[in-house]
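To start, the structure under review is shown below, and the notes come after it.
Chains as they are written, first to last, in the numbering used here: chain A, 1 to 477; chain B, 1001 to 1306; chain C, 2001 to 2215; chain D, 3001 to 3656.
Here's what the structure looks like:
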């Protein structure tokens, strides 16, 4: 188990050591492969976490790890192509940072201890900030600064919330610990007001990292300015872990009997995020910012699913995986388009399908997937969530969800189609600034295929995993 | 089919084949009498037809097979429609549930091809005529249906033979007002469908104001003969319906037949009378007239349905 | 003893208000340093038999080192490098922010009264102090223009959290606390780097300049 | 034996595109092979449909496939039209000439066909949705074939957006039903009660989702642009069968539920009537050939919906006769419309192929250069106008019979007022006849109005042959309707889950009537033949006269421009609909005894789309951009947001 955490960090150390700019990315690949292998090994020797362990592997962590390691592997391959293009830049910090990020995320996934979870989240935040600044221009700097400040603010609130939680169990008979299992076991004996307060602080804190509206304001800037590669890892990876952290907290809150309030809060925040996306996506000329708002939307859907519970919860965990993979597709292909046209606004980007015969159509397909069109996997997870909404008798919520989804589809569609179809503008006609090479085109392609396969055929094993994960929060198929 | 019935049917087919031009004769005669002229002999239409059949036809270079198909299909369709029509109280040669739909659509087929033939000449006037014809026809269609529905409702049958059959007199006793309204509406439709005053003036000489006549400007010889004969046949069909509707008396078969023929004559006279006392409406008014007819018959139908 | 503790808490709150009012950057940084030092004493003041001495000592020394010395030094050096003008340049005026701070304190007391301490033996002022310090930090972060000030605000915020952490210091494992200090340190460190870059890019640390990104 | 047929009908077309891809180097061969695959699949499909209509259903439970009578009614036209279209493509959209574009088209064409075959054969909601969406997306890409044209891009996106909204509605519908039944198998839904809130919600969603695809007014707006923008054989496919999948879904879902309230039937009747009348009215006002045909699709779907409404009403009121007549009318019209609308769109494609324009008022006189096309187009026109002896008449007749059933009711019964539907149908028929008189007259007859029309050339046999096949099918059904009607009885019974005996009486009446219809049709043909012979004889005997110019009524200098245009032809009728159709365009200013040259150019906006939705969308966009100012650029404010959220939640959590 430790291997999965240490391997990336080790590679990071190596990366910082390696002098050559061209050879360094190999470390990234090595780290990704090692991590992937480690995760595979873990899954084979999966033992349910025992009371008192700080690290443990339950259904939830399994799913998040699976998604992340897949995504990161794709990103690592992509990085080989990408960084060779950007050999002008020193990528020491970039490569190292990515690997540290991976390690930190893995810790979050495995941690059974809320304090540890918090530390890892903070580490992830700090590791990410310099990555956003990779392009080293004023815009990316501003993005990094905002990300850092807002992120740390959230993290600070989360810390306070963690303390509250600890305090709630600090009564003489209490668990006096931050281990999730202890807290859940102590359940009703926890002091409910403190649990409620803790939930609020942790929801706002980790919600900021997750990018739920109105805590999302760092997102469009960061995703807009960071390399597509990083965007993929943030939108598809890190946000999922913030969600994971919230789920852990929710488990405790539920055990303490405070879940009625928690559910309402989650549903409210989720719907608000989706609604906000429906406003901000419309007429968005900058397609990377558009993707950021789409990410806000999907975080909203996750929160909504968790809040609704029942089938919706299972759907939410399914959706977390789909969202992770799909975001990889759209961000990577968007990155390619950005590189090829040297711009990310529909003013100068047209006819991507002609210029980039792989990435262009991929971007379109990714858009369809992300907006929940069958037969892609996200459709089925959103379907499950809607199903859950109706199952709980929350018809208004379901109707709102559908309405917002429709608006978002139209809004995103106008931008995406403007980018993909038509004849490329005169200057870039057929001769992109950088042609797509397989290293940069294949990863999103593979992810796309995965998303499609998940939609067409969902392995029973995975399905059970989603069920089990939902079981942790009282849901299930 | 029993032999007397067979005989009657044959007789009806003969009537269908021979009588129609006579109606035109009667109409014209009536007009001339009212107008204080001697006028053409009753059988003049037959002479005209014979003459036309002997002539050759002049064709415009613009025209294609459609132009030649027009009169042929027109005549054939109307004649076939005649097979569905019950005359003199006896069932028609062919009758089945909802056959009046087929009846109406056969007339439609005739109209469709006549209009196409007109458009085939590429003459602006004939195009104008075709446009007006299809416009007014499509407005007359629902009115016709409504009238037939009134009949169907009143007689409780869904075939022309039933509607115009023996049960008609009984219907008059229970549903007189509705039937009367329907009859009036039907008469208006008959005038419109057959391009008579006040909708159209068959012997005007100002192309701009014509509907039906202008469509056939370029036809000559046998084609024109077919068209004329077809027109008279159409007039005959409407006349037959109205005559049955008006004088659907009981009594012996012979009496029924005589009444039927009498009714046809009266119909022709009525048309003639209208033509001599009325002026042609302005084009704008025609749709109003037809919509009025539909409303009248719709009212009649509702009377029976409520 | 307990009166001393009380005094310490009150001092912390007063410092919060003073920070909200202070117009000179240097003074503010020094004050934060003082607050840090003050906090460093708390673990020892609050020492009960539930704690073990060594643990408390480590915490106190760590706090003193980080909050009292290292971080303030970094701030000063940052100011010197970036040759920042010494004013705070508030968005919200000093008096209003003081008033807000005061309201915050009041709210903090009200709020903590609604939250019954699960363990009686703790000092009644602790939670309100923590919360009002957090509040003051948030206010500073939100209502001052310069990047440095926002870092400052964060320090105050973290101080508040630290105070709250004392509630749990008896059973909260050392590692988490170490994590707290470390992360605080790292955060300020990274922010310092970014500040350096901002200065290079915009030749000032005024966040006004940092509002180019928009839809 | 039959299951493989069904699978082939789904798989072969779906795979057909790969052939084109594989043989990229030898385009002709590739397209040929792809076409061959589609045709093979179509053959299997027809066979399967036939089997399902004759000897009951084909079921493959493990694949959750099940083809019953209802499905077969739709599978048959899908297969036939798919084959016709792909053959037509050999001449119309040649891969050798168009390269990658044609390859893409082959790919998506096959997928669209496969998707449709899958969805009509699905026995499970999820499979249905997969087929549905594959079809929808493939169609989107098909519309997008010439994506460099802005008009095409707009049309495609409009299609995509509306189909997606429709899918969302279905998504909700199936979620509801799935919740109620605890499974997504159609079999499990059978017998769910349509009464109550569930039923009402479900019906509204179904109307939105399926109606959107079917193009019922007022959600028809995507249809005209999409049909106009797509290549013609694709338009034929879309208008002929894709649109019908909406009808299929509506029938499928309503067929499964029990206790369908009469209001549903009445709602369908209302929608169908409105769609039929407005559809044909809008068609009259168009001067773009393909847009015009597209609006006729709306009209015909309206007629089909009328039939469906009758059937539902029949079920609700326990009137087997209504069920039979309504269902068979609707089902037969589904097939018929696929045939003649396919024929017409292929004809329109031939015209566009020959002249490079779809603008009616630029055409004229095509009957001379394009004899074959003209003849086939006239057949299609007569068929769609519901004129005997062609198939259009038969289905409209059946539906009318259904309406006439009302006459048998005692006074005061609501059903009695069904009778009023018959005149409406007659009105629609009349308008359709008028409209196609206009199309044929303006496009094919008279003198060519422009150069391209003058240089027009006949379409290659590969394009004429499929049209001929479709025309032949139209004639066949028109001449021997009873053959087509007979199998529908079983399907109707299965759909309404009544025992066939209940329907036998009505079925017997209908088929005897149908037999008479074919008798009359034969009579008509005989009469025509007679007349032709007679005319030949007479003309042979008569002196031959030389051909001349058309008589211009004394006008000395006639030119092609003075011919009646499509707009002027339809003006009188369009004026009748001034309450629903608002043509736009500057009215020319003519003054003085000798007014100078002036031009009149009108365009007919779609009332729902151009006067309703687009303005609304623009308004929303405007609001959204205003709302975007809320995006606070100052980091202080962004952090304040976080703070505010925190306080708000605390207040929510603790103050109340």
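Idealized CB from N, CA, C, for every residue including glycine.
Check: Quick one: which chain D residues come within Cβ less than 9 angstroms of residue 1132(B)?; Outcome: 3572
Check: Taking only beta-carbon positions, decide if residue 3649(D) is within less than 8 angstroms of chain C.; Outcome: no
Check: Report yes if the C-beta distance between residue 3214(D) and residue 3243(D) is below 8 angstroms; otherwise report no.; Outcome: yes
Check: I need the straight-line Cα distance from residue 429(A) to residue 339(A), nearest angstrom please.; Outcome: Confidence in residue 429(A) is poor, its pLDDT being 49 and thus under 50, which makes the residue's placement too unreliable to answer from.
Check: Counting contacts by CB-CB distance shorter than 8 angstroms, is residue 2138(C) in contact with chain D?; Outcome: yes
Check: Using a C-beta cutoff of 8 angstroms, does residue 301(A) count as contacting chain D?; Outcome: no
Check: Using a cut-off of 9 angstroms between C-beta atoms, extract the partners of residue 163(A) located in chain C.; Outcome: 2130, 2161, 2164, 2165, 2167, 2168, 2172
Check: Which residues, in chain order, does the segment 2058-2087 of chain C contribute to contact with chain A at a C-beta distance below 9 angstroms?; Outcome: none
Check: Whole angstroms are fine: how far does the CA of residue 414(A) sit from the CA of residue 1143(B)?; Outcome: 49 angstroms
Check: Mind checking the segment 146-175 of chain A against chain D and listing, in chain order, the residues whose C-beta falls within less than 9 angstroms of any C-beta there?; Outcome: 146, 149, 150, 153, 154, 157
Check: Which whole-angstrom value describes the C-beta separation of residue 1137(B) and residue 3430(D), a residue pair presumed to lie in contact below a C-beta threshold of 8 angstroms?; Outcome: 6 angstroms
Check: Could you tell me the alpha carbon to alpha carbon distance between residue 112(A) and residue 303(A), rounded to whole angstroms?; Outcome: 21 angstroms
Check: Can you find the residues in the same chain that come closer than 6 angstroms, C-beta to C-beta, to residue 1006(B), ignoring five residues on each side of it along the sequence?; Outcome: none
Check: Rounded to whole angstroms, what is the Cα-Cα separation between residue 21(A) and residue 30(A)?; Outcome: 16 angstroms
Check: For residue 3013(D), which three-state DSSP category applies?; Outcome: helix
Check: For residue 3483(D), report the span of its alpha helix (DSSP H) as first-last.; Outcome: 3481-3496
Check: So what does residue 3058(D) bridge to, in DSSP terms?; Outcome: 3067(D)
Check: Check distances from the C-beta atoms of the segment 3528-3554 of chain D to those of chain B and list, in chain order, the residues that come in under 7 angstroms.; Outcome: 3528, 3531, 3532, 3535, 3538, 3539, 3542, 3543, 3544, 3545, 3547, 3548, 3549, 3550, 3551, 3552, 3553
Check: In this structure, how does DSSP classify residue 323(A) when only helix, strand and coil are distinguished?; Outcome: helix
Check: Helix, strand or coil for residue 429(A)? Go by DSSP, reduced to three states.; Outcome: Confidence in residue 429(A) is poor, its pLDDT being 49 and thus under 50, which makes the residue's placement unreliable; the coordinate value appears in the next sentence. Coil, per DSSP.
Check: Where does residue 213(A) sit, in a helix, a strand or coil, going by DSSP?; Outcome: coil
Check: Just mark residue 251(A) as buried or exposed, buried being the case when its beta carbon has 16 or more other beta carbons within 10 Å.; Outcome: buried
Check: Measure the C-alpha to C-alpha separation of residue 3029(D) and residue 3235(D) and round it to an integer number of angstroms.; Outcome: 24 angstroms
Check: Taking the Cβ atom as the reference point for each residue, do residue 3113(D) and residue 3013(D) lie within a distance shorter than 8 angstroms?; Outcome: yes
Check: Determine the contact status of residue 3167(D) and residue 381(A), defining contact as a CB-CB distance below 8 angstroms.; Outcome: no
Check: Taking buried to mean at least 16 other C-beta atoms within 10 Å of its own C-beta, is residue 228(A) buried or exposed?; Outcome: buried
Check: Out of curiosity, what's the CA-to-CA distance linking residue 3151(D) and residue 3294(D)?; Outcome: 16 angstroms
Check: Could you confirm whether any beta carbon from chain C is found closer than 8 angstroms to the beta carbon of residue 3623(D)?; Outcome: no
Check: For residue 2090(C), which of helix, strand or coil comes out of DSSP?; Outcome: strand
Check: Return the residue from the list 2044(C), 2073(C), 2116(C) that minimises the CA-CA distance to residue 2034(C).; Outcome: 2073(C)
Check: Please state the DSSP three-state secondary structure of residue 1055(B).; Outcome: coil
Check: Which residues in the same chain as residue 2053(C) place their Cβ atom closer than 8 angstroms to its Cβ, once the five residues preceding and following it in sequence are excluded?; Outcome: 2047
Check: I need the straight-line Cα distance from residue 2154(C) to residue 2138(C), nearest angstrom please.; Outcome: 7 angstroms
Check: Whole angstroms is fine: what's the gap from residue 2095(C)'s alpha carbon to residue 2021(C)'s?; Outcome: 7 angstroms
Check: Taking Cβ-Cβ distances shorter than 9 angstroms, what residues in chain D pair up with residue 1021(B)?; Outcome: Correct list: empty, because the minimum Cβ distance to chain D is about 17 angstroms.
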